[in-house]
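Numbering (the working numbering), first residue to last: 352 to 597.
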């Protein structure tokens, strides 16, 4: 069987789901990708958002929960989860998701929202201070813990950053950013490379081409890494029939 770049199939998945809105073909392609890369975060994200658009709200809640366990800082996924949960009558879940989405976009007057706004402006000391306030009030929110860890990375406090990242991994072992933060902090602190391999392997299972890591950590003048992950080609005629949901 011939192989193609995973990056190319990801672009095709986006085209099918977002531009063509051909959900039966798109979900079939998504399942093909996940057969070969069962933790691929971008595919889970795209399929979760598309489930909402297709009216598959129960599936959307399930898929978005999985994706958010790997990237709890994604405002668009929280917003989509809020919509799906509301339409299923899961009102508490919907409200929680909407609140997270607003905070992550730096809107509003909550400590978490103000912390995000400060982070977007690269005001790291203010961001860390406000994230600490938010974490004191909502210690269960892993997006806040990750925000605080990121602020400490920028403040050149790798030991504190790693401790926070490890606390996130105790709850969300496949958090992509938390695994990368441990890897980066271990390198800064001079730890043995073998101590990072477990976290690096998890990160690469979620994001084989390091696209997220580039978005989060690369300097502004750095070009994206060239995609290299490969996957068996996909039969474009495959479909995944949609089943009506209550």
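Cβ coordinates follow ideal geometry from the N, Cα and C atoms, glycine included.
- The region 454 to 465 and the region 435 to 444 do not touch, with fewer than 3 CB-CB distances between them shorter than 8 angstroms.
- Between residue 476 and the set 500, 497 and 506, the nearest pair of CA atoms involves 506.
- By the criterion of a C-beta distance shorter than 8 angstroms, residue 449 is surrounded in its chain by 429, 430 and 433, once the five residues flanking it on both sides are discounted.
- Inter-residue distance for residue 387 and residue 480 is about 42 angstroms (C-alpha atoms, whole angstroms).
- The three-state secondary structure of residue 499, taken from DSSP, is helix.
- Taking the C-beta atoms as reference points, residue 418 is found no nearer than 8 angstroms to residue 385.
- The three-state reading of DSSP puts residue 543 in coil, since its state is none of H, G, I, E or B.
- Nearest in C-alpha terms to residue 404, of all of 370, 354 and 554, is 370.
- Residue burial annotation: residue 544 is exposed, with fewer than 16 other C-beta atoms found within 10 angstroms of its C-beta.
- In this model, residue 534 and residue 452 are separated by some 27 angstroms (Cα to Cα).
- Closest by C-alpha distance to residue 512, out of 492, 529, 472 and 524, is 529.
- With respect to the C-alpha of residue 424, the residue from 549, 375 and 500 having the closest C-alpha is 500.
- If you draw a straight line from the Cα of residue 389 to the Cα of residue 568, it comes to about 25 angstroms.
- Beta-bridge partners of residue 583 (DSSP): 354.
- Closest by C-alpha distance to residue 514, out of 426, 415, 536 and 367, is 536.
- Contact annotation: residue 353 and residue 526 have beta-carbon atoms that are not nearer than 8 angstroms.
- The criterion of a C-beta distance shorter than 8 angstroms is not satisfied by residue 360 and residue 397.
- Within the region 352 to 409, complete alpha helix (DSSP H) segments of at least 4 residues are found at 357 to 365, 374 to 387 and 392 to 404, given in chain order.
- DSSP places residue 427 in the uninterrupted alpha helix (DSSP H) bounded by 426 to 438.
- Leaving aside the five residues that flank residue 367 on each side, the residues in its chain whose CB is nearer than 7 angstroms to its CB run, in chain order, 373, 376, 377 and 380.
- Judged by beta-carbon spacing, residue 439 lies within the 8 angstroms limit of residue 409, meaning their Cβ atoms are closer than that value.
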